[in-house]
Amino acid sequence: MKVTTFVIKVWRWMSLLLVIGALVWTYSVFPQTVAVDFSETGLAEKYLEKEHIFYIIMGLFLLNNVLITGLARHIPKVDPMHLPILNKRAWSQHREALNEHLTNWLFCLVAVINTIIGFSLFALATVNSQQYKLDVFDFSWLYYVGIGLMVIVFLLPLRLLWAPAPEDKL
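Heads up: the sequence shown begins at 1 in the UniProt record's numbering, then just goes up one per residue.
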């Protein structure tokens with residue numbers, strides 16, 4: 001197993017635990033109505049019941065972890081000529097590398113989405129907390145981190161534009 005494959009698998013599992021932990025913890029500390037939208041001055045404008053947030057997050061969690069992970073598990077079964085990649089013929093000769101690259105990409109996408117959901121839940125809980133004096137603007141970094149992670153994930157398939165590297169035979 002390559003180092004990148006190992007790191008992505010560990011990140012995916014840790015992000016899974018992050019979302020579950022964040023969901024359980026935030027559900028226990030959320031007030032009955034949770035501020036979810038804020039004005040330019042930082043005052044809450046829209047509220048949701050904490051049960052609705054729980055169901056929305058669980059829906060996103062299940063879609064992300066079941067659908068995308070299920071898609072990743074079916075990559076080895078798809079004929080490389082039907083995949084939307086360039087250099088199909090060259091990559092079909094290196095099927096193992098292609099499967100690993102595409103599976104890693106989809107697992108990385110799952111991990112990024114889970115990480116963004118987990119951090120967003122913690123930020124939402126902190127903003128709605130009575131103990132901490134942080135406002136919504138203290139978490140603007142989360143937006144930029146999320147955008148950065150998504151850009152990096154969608155740049156990963158650029159590797160498929162080039163032909164696969166020949167294997168060293170010793």
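Quick reminder that beta carbons are idealized off the backbone N, C-alpha and C, glycines included.
Buried or exposed (CB count within 10 angstroms, at least 16 for buried), residue i
i: ILE20; result: exposed
i: ARG12; result: buried
i: VAL127; result: buried
i: GLY118; result: buried
i: HIS101; result: buried
i: ILE8; result: buried
i: ALA163; result: exposed
i: LEU43; result: exposed
Cβ-Cβ separation, residue j to residue i (assumed contact under 8 Å), whole Å
i: ALA123; j: SER15; result: Going by Cβ atoms, the distance from ALA123 to SER15 rounds to 16 Å, so no, they are not a contact pair.
i: ARG95; j: PRO84; result: Their Cβ separation, rounded to whole angstroms, is 16 Å, which puts ARG95 and PRO84 out of contact at 8 Å.
i: LEU17; j: ILE57; result: Actually they are not in contact, since the Cβ atoms of LEU17 and ILE57 sit about 15 Å apart, beyond 8 Å.
Close beta carbons around residue i, own chain, < 7 Å, minus the five adjacent residues each side
i: ILE68; result: LEU106, LEU109 and VAL110
i: ARG73; result: none
i: ASN64; result: VAL110, ILE113 and ASN114
i: ILE75; result: ASN99, LEU102 and THR103
Spatial neighbours of residue i in its chain, beta-carbon cut-off 6 Å, leaving aside the 5 residues before and after
i: ALA125; result: THR26 and VAL29
**Message:** For the structure I just gave you, are there three or more beta carbon pairs, one from the region 155-164 and one from the region 88-108, closer than 8 Å?
**Reply:** Contact between the region 155-164 and the region 88-108 is present, because at least three Cβ pairs lie under 8 Å.
**Message:** Three or more C-beta pairs under 8 Å: does that hold for the region 23-33 against the region 46-54?
**Reply:** yes
**Asked** Can you list the alpha helix (DSSP H) stretches of 4 or more residues lying completely in the region 54-120, in chain order?
**Response** 69-74 and 88-93
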